[in-house]
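In my numbering, the protein residues as written are 1 to 333.
Worksheet: the structure to be examined is printed underneath.
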Amino acid sequence: MKKKGVVLLTVLLVLILGSSVLFAAGVKEENKVVAYSAHDEPILEAMAGMWEKDHPDIKLEIIRLGSGEVISRVRAEKDRPQGDVIWSIGGEALEQNSDLLEMYYPKDWDKIDDVFKVGTNWLPYTAIVMVFIVNTDLLSPAEIPQTWVDLAKVKKGLVMANPIASGSAYMQLANVLTIYGEQKGWEHIENFLKVVEISASSGAVPRFVADGEAAVSITLEDNAQRYVLGGAPVKIVYPKDGVVAAPDGIAKIKGGPNSKNAEIFLDWATSTPVQNFLVERMGRRPVHTGAKSPEGLPPLSTINVVDYDFGWSAANRDRFLGVYTELMMKLGL
């Protein structure tokens, strides 16, 4: 694990379906769809195979980037878009950059849970829930944090991802600010930043806990649940002072070169079979009311879910990240 500090990484992955896919810049190819995605690589590989079976006539080109890098790329290409869809990034980033997007209502729109229809020009894709994952070999029951405030007391290693690069980590900051307001919220955040280690990869955060390198990490429910089901000595904690349960998003890029194929892709990504796949492979809660529920997760009705204002979170994102950066500098991290 890295020592304390912020590490920014740019990861680019192009997955090619079929030998005839062209991915050199500026090369035009008929009947393809270009997706910019923050999904983990194994999920992308599996879903690329699903797409090829379902739509063998449409080539799928996937460019994997962090959430912030996806937005930076789409904005840089605004005058001449090269991508067609943004696939699985934080809703705040999409909301803040909704001018880059074009609304499309997929075929199953009426089957998407209304509680997740919160975006401007973007669609809910899956439901994400913020949790703590705790190594039960490293902490006694009395030492396990039960609230966001308790994180400052963690003595055997606390890990989170970098909010500047990770949409989910930014939502974790916004979660605290939603509960406590800015004055108290930033005090609590500063307190736990004093004991935190920042990981460059949001996907690696729960692994540090499962491997015993850290006692606690802040992560997504589905990331944590995979280690629970895998038999690691870990448990999930839903903070008693409040949990954000909100959609990550998928969207059609305004002016993308393959508009019709983008719409076909959005129909596919929000369909029951794909939503069921995401439940099975990721353990993530679906937004489609016809999809099944993940194994072993409690109903949201039993969790203290806080009201989360995407508009507020998106409008203040740059300012909040500025405050976060100042705190990191103040603490010498």
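Just so it is clear, CB atoms sit at the ideal spot from N, CA and C, and this is done for glycine as well.
*Start and end of the alpha helix (DSSP H) containing Ile71?*
Numbered from 1 along the sequence shown, position 71 holds the residue referred to as residue 71. Start and end: Ser67 to Ala76.
*DSSP-derived helix/strand/coil call for Ser140*: The count along the sequence shown starts at 1 and reaches residue 140 at position 140. Ser140 falls in the coil class under three-state DSSP.
*Kindly identify the DSSP beta-bridge partner or partners of Ser199.*
Position 199 of the sequence shown, counting from 1, holds the residue named residue 199. In the DSSP output, where bridge partners are listed per residue, Ser199 has Ala161.
*Beta-carbon separation (whole angstroms), Met130 vs Val243, contact threshold 8 angstroms*: As a working note, residue 130 is residue 130 in the sequence shown. As a working note, residue 243 is residue 243 in the sequence shown. Between the beta-carbon of Met130 and that of Val243 there is about 6 angstroms, and that keeps the pair under the 8 angstroms contact cut.
*asked:* Quick check on DSSP: helix, strand or coil for Arg226?
replied: Stepping through the sequence shown from its first residue, residue 226 is reached at position 226. Note: Arg226 maps to helix in three-state DSSP.
*Residue environment, Ser166, which counts as buried when at least 16 other CB atoms sit within 10 Å*: Walking along the sequence shown from the start, residue 166 turns up at place 166. By the 10 Å Cβ count, Ser166 comes out buried.
_Measuring alpha carbon to alpha carbon, tell me which residue in Leu151, Asn316, Gly296 and Thr272 is nearest Tyr125._
Stepping through the sequence shown from its first residue, residue 125 is reached at position 125. Cα-wise, what sits closest to Tyr125 is Thr272.
_I need the straight-line Cα distance from Glu45 to Ala35, nearest angstrom please._
Reading the sequence shown from its first residue, position 45 is the one you call residue 45. Reading the sequence shown from its first residue, position 35 is the one you call residue 35. Roughly 13 angstroms between the two C-alpha positions.
*Measure the beta-carbon distance from Arg64 to Ser37 and round it to whole angstroms, keeping in mind my assumption that it falls under 8 angstroms.*
Residue mapping note: residue 64 aligns to position 64 of the sequence shown, counting from 1. Residue mapping note: residue 37 aligns to position 37 of the sequence shown, counting from 1. About 6 angstroms separates the two Cβ atoms, so the contact holds.
*What residues in its chain sit with their C-beta under 6 angstroms from that of Ile128, if we drop five residues either side in the sequence?*
The count along the sequence shown starts at 1 and reaches residue 128 at position 128. Around Ile128: Leu220 and Asp248.
*Count the CB pairs spanning the region 254-268 and the region 138-149 that are closer than 8 angstroms, and state whether there are at least three.*
The answer is no - the region 138-149 does not touch the region 254-268, with fewer than three Cβ pairs under 8 angstroms.
*Count the other CB atoms within 10 Å of the CB of Gly296; is the residue buried (16 or more) or exposed (fewer)?*
As a working note, residue 296 is residue 296 in the sequence shown. The residue is exposed, with fewer than 16 neighbouring Cβ atoms inside 10 Å.
_Beta-carbon proximity check, Ala152 vs Phe208, cutoff 8 angstroms_ = Residue numbering aside, residue 152 sits at position 152 when the sequence shown is read from its first letter. Residue numbering aside, residue 208 sits at position 208 when the sequence shown is read from its first letter. 8 angstroms or more divides the Cβ of Ala152 from the Cβ of Phe208.
*asked:* Per DSSP, what are the beta-bridge partners of His288 in this structure?
replied: For the purposes of this step, residue 288 is taken as residue 288 along the sequence shown, with counting starting at 1. According to DSSP, which records beta bridges pairwise, His288 is partnered with Ile112.
*Within its chain, find whatever has a CB closer than 7 angstroms to the CB of Leu9; leave out the 5 residues flanking it on each side and keep chain order.*
Taking the sequence shown and counting its residues from 1, the one referred to as residue 9 is at position 9. Any answer about Leu9 is weak, because its pLDDT of 31 lies below 50 and its placement is not dependable; what the coordinates show is given next. Closer than 7 angstroms at Cβ, skipping near neighbours: Ala200.
*Helix, strand or coil for Thr147, going by three-state DSSP, please let me know.*
Stepping through the sequence shown from its first residue, residue 147 is reached at position 147. In this structure, DSSP gives Thr147 a state outside helix and strand, which the three-state scheme calls coil.
*Fully enclosed by the region 244-314, which alpha helix (DSSP H) runs are 4 residues long or longer?*
259-269 and 272-282
_Beta-carbon proximity check, Ile337 vs Asp241, cutoff 8 angstroms_ = There is simply no residue 337 to check, as the chain begins at 1 and stops at 333 in what is shown.
*If you follow the alpha helix (DSSP H) that Trp186 is part of, which residue opens it and which one closes it?*
Within the sequence shown, numbered from 1, the residue matching residue 186 stands at position 186. Following the DSSP letters along the chain, one finds Trp186 inside the alpha helix (DSSP H) bounded by residues Gly167 to Leu193.
*Assuming Pro206 and Tyr227 form a contact by the criterion Cβ under 8 angstroms, report the distance between their Cβ atoms to the nearest whole angstrom.*
As a position in the sequence shown, residue 206 is number 206, starting the count at 1. As a position in the sequence shown, residue 227 is number 227, starting the count at 1. About 6 angstroms; that satisfies the 8 angstroms criterion.
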